[in-house]
Amino acid sequence: MESIAAARPADSGPLPRYARIYVAGHTGLVGSAVLRALKGRGYEDLVVRTSKQLDLTDQATTRAFFTEEKPEVVVLAAARVGGIMANWEYPYEFIQQNLAIELNVIHEAYRSGVRRLVFLGSSCIYPRMASQPLKEEYLLTGPLEETNRPYALAKIAGIELCRSLNRQYGTDYVCLMPTNLYGPGDNFELETSHVVPALIRKYHEAKSTGALVTLWGTGTPRRELMHVDDLAAAVCMFVEGANWSAVPDALVNIGTGSDATIAELAETVRRVVGFDGETAWDITKPDGTPQKLLDVSRARTLGWEAKIGLEEGLRHAYDWFLHSYA
0 MESIAAARPA DSGPLPRYAR IYVAGHTGLV GSAVLRALKG RGYEDLVVRT
50 SKQLDLTDQA TTRAFFTEEK PEVVVLAAAR VGGIMANWEY PYEFIQQNLA
100 IELNVIHEAY RSGVRRLVFL GSSCIYPRMA SQPLKEEYLL TGPLEETNRP
150 YALAKIAGIE LCRSLNRQYG TDYVCLMPTN LYGPGDNFEL ETSHVVPALI
200 RKYHEAKSTG ALVTLWGTGT PRRELMHVDD LAAAVCMFVE GANWSAVPDA
250 LVNIGTGSDA TIAELAETVR RVVGFDGETA WDITKPDGTP QKLLDVSRAR
300 TLGWEAKIGL EEGLRHAYDW FLHSYA
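Counted from 1, the sequence shown has number 238 at position 239 by numbering that gives the first Met the number 0; the numbering is strictly sequential.
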């Protein structure tokens, strides 16, 4: 590793409102929510770039950006993301692109002296058959879910990058592992979307046509769903200087602490959208992980807790869909 000891981050005191913060991935579901939350808290020196303006998979381009912009804090929300179908059909792109983004951003952030970094991962990092709810210490204790293993491995690598920098160079880099997210700015393309936006779009379109809604799997797997604004609040807590010493392994689960079956979720979305037709289940399609419920006791100890209820959040998401997408 090149000699960069002089670039070690400053101490982790309270973050002033004039701090320069780079939000990587600001046009996506998570990044846009974080940007809204930071603006709402009075931060003005916010640095953003679209993927067309800055290719984070290119090391030289990423290094030039950090050298020029010199952010003090980084929120790494940029990633190649998608639902079960996209993960299954494009495994190489999911691992290669995410590994490249993480290595370039985390390394160049440290190299340029970034004092704090918040890395956003996913609950899919935990073993497929791990005990529920999922505790942070379950990481790397068993096989991953086959349908999204490449993406999960990339996120695990990002965690290890942050942990290694913290241990070796004393950085304040934290990894937040959110549960399944939804909300304004979501991806509603059926080929690449996650479960909530896919359900919203399917039921909305069926509401106009009266067609039967067919969903993947059996409907029995359980999923924990959280509005993205709750995650943004957690990100801001760490950006502003949460008790980092209480997270010795750099890993914090961010979720609601409760879940529901896919069938129950579908019924709630159907009710929110106002669809009166029938739902069928295609059991020839995969279910994915049987259950992914996060243990969020560590986050609650640190002072954060989700506040937006599921039906309230789904109504908010559907309203955004109607006014900004449909």
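In this text, a Cβ means the ideal position worked out from N, Cα and C, and glycines have one as well. Everything numeric in this text was worked out from a predicted model, so none of it was measured.
Please state whether the Cβ-Cβ distance between residue i and residue j is less than 9 Å.
i       : j       : result
Leu-138 : Ile-124 : yes
Leu-180 : Leu-224 : yes
Val-73  : Tyr-21  : yes
Gly-30  : Ile-105 : no
Leu-119 : Ala-78  : yes
Thr-255 : Ala-305 : yes
Phe-274 : His-203 : yes
Leu-328 : Val-271 : Any question about residue 328 goes unanswered here, given that the chain covers just 0 to 325.
Val-117 : Val-234 : yes
Val-113 : Ala-76  : no
Pro-220 : Pro-289 : yes
Thr-191 : Ala-85  : yes
Leu-211 : Ala-279 : yes
Asp-326 : Arg-115 : The chain is shown only over 0 to 325; residue 326 falls outside these bounds and no answer can be derived.
Arg-35  : Ala-231 : yes
Leu-309 : Ala-241 : no
Asp-281 : Gly-216 : yes
Pro-13  : Glu-277 : no
Arg-297 : Glu-135 : yes
Thr-56  : Ala-99  : yes
Asn-147 : Ile-83  : yes
Arg-222 : Thr-260 : yes
Ser-343 : Thr-66  : Within the shown structure, residues of the chain are numbered from 0 to 325, placing residue 343 beyond reach of any answer.
Can you name, in chain order, every residue of its own chain whose Cβ lies under 8 Å from the Cβ of residue i, other than the five neighbours on each side?
i       : result
Ile-94  : Pro-149, Tyr-150, Leu-152, Ala-153
Leu-133 : Ser-122, Tyr-125, Asn-252, Lys-291, Leu-292, Leu-293, Asp-294
Glu-68  : Arg-19, Tyr-21, Val-46
Lys-337 : In the structure as shown, the chain begins at 0 and stops at 325. Residue 337 is therefore absent and cannot be evaluated.
Val-246 : Val-173, Arg-297, Leu-301
For a test of your reading of the model: does the CB of residue i fall under 8 Å from any non-hydrogen atom of the ligand ATP? Yes or no.
i       : result
Cys-123 : In terms of ligand content, the structure shown is empty, and the ligand ATP therefore cannot be addressed.
Helix, strand or coil for residue i per DSSP?
i       : result
Leu-138 : coil
His-193 : coil
Ile-20  : strand
Pro-149 : helix
Leu-143 : coil
Val-80  : coil
Val-268 : helix
Tyr-89  : coil
Gln-58  : helix
Trp-303 : coil
Phe-187 : coil
Glu-204 : helix
Asp-10  : The predicted model places Asp-10 with a pLDDT of 49, which falls under 50 and marks its position as unreliable; any figure quoted below should be read in that light. Reduced to three states, the DSSP call for Asp-10 is coil.
Phe-274 : coil
Arg-40  : coil
Tyr-109 : helix
Ser-323 : helix
Asn-242 : coil
Tyr-125 : coil
Asp-286 : coil
Thr-66  : helix
Considering only residues of the same chain and omitting the five flanking positions on each side of residue i, which have a CB-CB separation below 6 Å?
i       : result
Leu-198 : Ala-265, Val-268
Gly-41  : Arg-16
Trp-319 : Pro-183
Ala-262 : Gly-218
Trp-303 : Ala-233, Met-236
His-226 : Gly-182, Ile-307, Gly-312
Tell me the DSSP bridge mates of residue i?
i       : result
Thr-260 : Arg-221
Arg-115 : Val-72, Asp-171
Ala-279 : Thr-213
Lys-291 : Arg-222
Leu-345 : Absent from the structure is residue 345, since the part of the chain shown begins at 0 and ends at 325.
Val-46  : Tyr-21
Met-176 : Asn-252
Tyr-181 : His-226
In its own chain, which residues sit with a C-beta less than 7 Å from the C-beta of residue i, not counting the 5 before and 5 after it?
i       : result
Thr-140 : Pro-126, Ala-129
Asp-229 : Ala-305, Lys-306, Ile-307
Thr-26  : Thr-49
Ala-342 : Absent from the model: residue 342. The displayed extent of the chain is 0 to 325, so no value can be given.
Asp-54  : Thr-60
Pro-142 : Pro-126, Arg-127
Pro-349 : For residue 349 there is no data in the structure shown, the boundaries of the chain being 0 and 325.
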